[in-house]
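Notes follow once the structure below has been shown.
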Amino acid sequence: MNRFKKIYNPGFLAFLLLGVLCSCSKTEVKPVSLKLAVGDRFYIGTALNSAQIDGADTSAIKIIKQHFNAVVAENVMKSEVVQPVEGEFDFDMADKFVRFGLDNKLFITGHTLIWHSQAPNWLFVDKQGNDVSRDVLIERMRSHIHTVVGRYKGIIKGWDVVNEAILDDGTWRKSKFYEIIGADFVKLAFEFAHEADPEAELYYNDYSMAKKGKREGVVAMVKSLQEQGVRIDGIGMQGHISMDDPTIEDFEKSIVAFSELGVQVMVTELDLTVLPMPNMNAGADIALNFEFKKELNPYANGLPDSINTKMTERYQDFFRLFYKHSNKISRVTLWGVSDAQSWRNYWPVNGRTDYPLLFDREYKAKPIVEKIINEDL
Numbered sequence: 001m002n003r004f005k006k007i008y009n010p011g012f013l014a015f016l017l018l019g020v021l022c023s024c025s026k027t028e029v030k031p032v033s034l035k036l037a038v039g040d041r042f043y044i045g046t047a048l049n050s051a052q053i054d055g056a057d058t059s060a061i062k063i064i065k066q067h068f069n070a071v072v073a074e075n076v077m078k079s080e081v082v083q084p085v086e087g088e089f090d091f092d093m094a095d096k097f098v099r100f101g102l103d104n105k106l107f108i109t110g111h112t113l114i115w116h117s118q119a120p121n122w123l124f125v126d127k128q129g130n131d132v133s134r135d136v137l138i139e140r141m142r143s144h145i146h147t148v149v150g151r152y153k154g155i156i157k158g159w160d161v162v163n164e165a166i167l168d169d170g171t172w173r174k175s176k177f178y179e180i181i182g183a184d185f186v187k188l189a190f191e192f193a194h195e196a197d198p199e200a201e202l203y204y205n206d207y208s209m210a211k212k213g214k215r216e217g218v219v220a221m222v223k224s225l226q227e228q229g230v231r232i233d234g235i236g237m238q239g240h241i242s243m244d245d246p247t248i249e250d251f252e253k254s255i256v257a258f259s260e261l262g263v264q265v266m267v268t269e270l271d272l273t274v275l276p277m278p279n280m281n282a283g284a285d286i287a288l289n290f291e292f293k294k295e296l297n298p299y300a301n302g303l304p305d306s307i308n309t310k311m312t313e314r315y316q317d318f319f320r321l322f323y324k325h326s327n328k329i330s331r332v333t334l335w336g337v338s339d340a341q342s343w344r345n346y347w348p349v350n351g352r353t354d355y356p357l358l359f360d361r362e363y364k365a366k367p368i369v370e371k372i373i374n375e376d377l
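As numbered in the UniProt record's numbering, residues 1 to 377 make up the sequence shown, in order.
Below is the structure:
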């Protein structure tokens, strides 16, 4: 006899159905974090500074654990920190950063292997202070990349291999890497990283990526790498944006153009300055430094409601764009947790008060966080 027929009772079935419905309604709660709200669209990440990696900034750590599922080191994995003296590696803070990511089951990005800035002084010169030969610099690159990537083989799943090699007009940045080695330094860096960990994803990362010249220059560079059989898995679009630049349309053009190369697109280093820029062509060149003037710091005592509203709307516009292209975007990473720690407070003018991130100086969520969680985009 059919077991269902044997226990069939209309009243009992109604009771069971009511229980199922009640159970569903109880578990149907709204997400309480960014990572739950974003879901499987893409990773939502943040950069960690030394205080967070060391465990001192407990308020930020609480936010990271609640809201983010990916992390990148803001500074502690850059070459000047990891190898301050040739052949002498210091992995203390880098190891702590990786341990934090592992302990909290976060996607870890290594940042960055080859960058002209924040590189140790010895890297490009000999004992007499003269530029080293092409072969010497290539060997120093190989040694650094093999040592760093090799240490975290199978642990760090993705690396920013080269950072900021192309200028806004699409031409090559005349860095020491370029001057001594030539354009091949990018190809070599990706090849060395792949040798060190054949399973790791390898990315190119740059700012002003919504500009037409930069877009075309990066596309040309990546196509050249692909034609040479070099592995490149993704392009990071640094999201250092302002209230009116770049346009959503230009940012979208770059997302599409980079995706058409067959690689992942990542929005990296996302922050939104509300302050006036002393030079609109500054991009995000960390080497730039402008004199402090009071008129460049208009919100020292707090952000007016009108500006706060416009900032929320600007962030909404970008997250709408990210959602629209979530089939192309694998990760969106904020460049910090709270406004208090942001580099925007000291770049390109030191001593200003900026409000660029999703959590304020008291570690409270801004209105945009609630908008994203409630999908009010």
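All C-beta atoms, glycine included, are put in the ideal place defined by N, C-alpha and C.
No experiment lies behind these values; they were computed from the predicted model shown.
Taking residue i as the reference, which of the options has the closest Cα?
{"i": "D131", "options": "I181, E191 and A300", "result": "I181"}
{"i": "L102", "options": "N69, I114 and G129", "result": "N69"}
{"i": "T312", "options": "E362, S338, E370 and S133", "result": "E370"}
{"i": "N75", "options": "Y178, W343, I241 and P348", "result": "W343"}
{"i": "L358", "options": "A287, E249 and R314", "result": "R314"}
{"i": "W347", "options": "E80, L288 and D360", "result": "L288"}
{"i": "Q238", "options": "I138, K174 and V162", "result": "V162"}
{"i": "I138", "options": "R173, I108 and F177", "result": "F177"}
{"i": "V81", "options": "I108, G55, K105 and N49", "result": "N49"}
{"i": "M277", "options": "F290, V265 and V85", "result": "F290"}
{"i": "G213", "options": "F251, A200, E199 and G229", "result": "F251"}
{"i": "L225", "options": "T58, H240, K78 and V263", "result": "V263"}
Assuming residue i and residue j make a contact with CB atoms under 8 Å, what is their CB distance in whole Å?
{"i": "F319", "j": "L275", "result": "Their Cβ separation, rounded to whole angstroms, is 21 Å, which puts F319 and L275 out of contact at 8 Å."}
{"i": "H325", "j": "I255", "result": "5 Å"}
{"i": "I114", "j": "A189", "result": "5 Å"}
{"i": "T333", "j": "L272", "result": "With 8 Å as the limit, T333 and L272 do not qualify as a contact, their Cβ atoms being about 14 Å apart."}
{"i": "V149", "j": "A165", "result": "Incorrect: roughly 18 Å between the Cβ atoms, too far for contact."}
Got a sec: is the Cβ-Cβ distance from residue i to anything in chain C below 8 Å?
{"i": "D184", "result": "Absence of chain C from the displayed structure is noted, only one protein chain being present."}
Which residues bound the alpha helix (DSSP H) around residue i?
{"i": "F89", "result": "Where F89 is concerned, there is no enclosing alpha helix (DSSP H), given that its DSSP letter is neither H nor E."}
{"i": "A60", "result": "T58 to H67"}
{"i": "V81", "result": "S79 to V82"}
Would residue i be called buried (16 or more neighbouring beta carbons within 10 Å of its own) or exposed?
{"i": "P246", "result": "buried"}
{"i": "N121", "result": "exposed"}
{"i": "C24", "result": "Any reading at C24 needs caution, since the residue's pLDDT is 45, under 50, leaving its predicted position unreliable; the model's value is listed next. Burial call: exposed."}
{"i": "residue 379", "result": "This structure cannot speak to residue 379, because the chain is shown only from 1 to 377."}
{"i": "F292", "result": "exposed"}
{"i": "N374", "result": "exposed"}
{"i": "R140", "result": "buried"}
{"i": "K364", "result": "exposed"}
{"i": "D168", "result": "buried"}
{"i": "T58", "result": "exposed"}
{"i": "A183", "result": "exposed"}
{"i": "I7", "result": "Its pLDDT being 35, under 50, I7 is placed unreliably by the model, and nothing is read from it."}
{"i": "A56", "result": "exposed"}
{"i": "R361", "result": "exposed"}
{"i": "P84", "result": "exposed"}
Along the chain, where does the beta strand (DSSP E) containing residue i start, and where does it finish?
{"i": "S330", "result": "I329 to L334"}
{"i": "N163", "result": "G158 to N163"}
{"i": "H111", "result": "F107 to W115"}
{"i": "D206", "result": "E201 to D206"}
{"i": "I248", "result": "That residue, I248, is in no beta strand (DSSP E); its alpha helix (DSSP H) goes I248 to S259."}
{"i": "W264", "result": "The amino acid occupying residue 264 in the given sequence is Gln; Trp does not appear at that position. Element bounds for Q264: Q264 to T273."}
{"i": "M237", "result": "G234 to S242"}
{"i": "I44", "result": "Y43 to L48"}
- prompt: Per the contact definition of three or more C-beta pairs closer than 8 Å, is the stretch 29-45 in contact with the stretch 88-105?
  reply: no
field: Segment contact, 8 Å Cβ cut-off, at least three pairs: the stretch 58-68 with the stretch 345-356
entry: no
- request: Could you tell me whether the stretch 292-312 touches the stretch 134-143, where touching means 3 or more Cβ pairs closer than 8 Å?
  value: no
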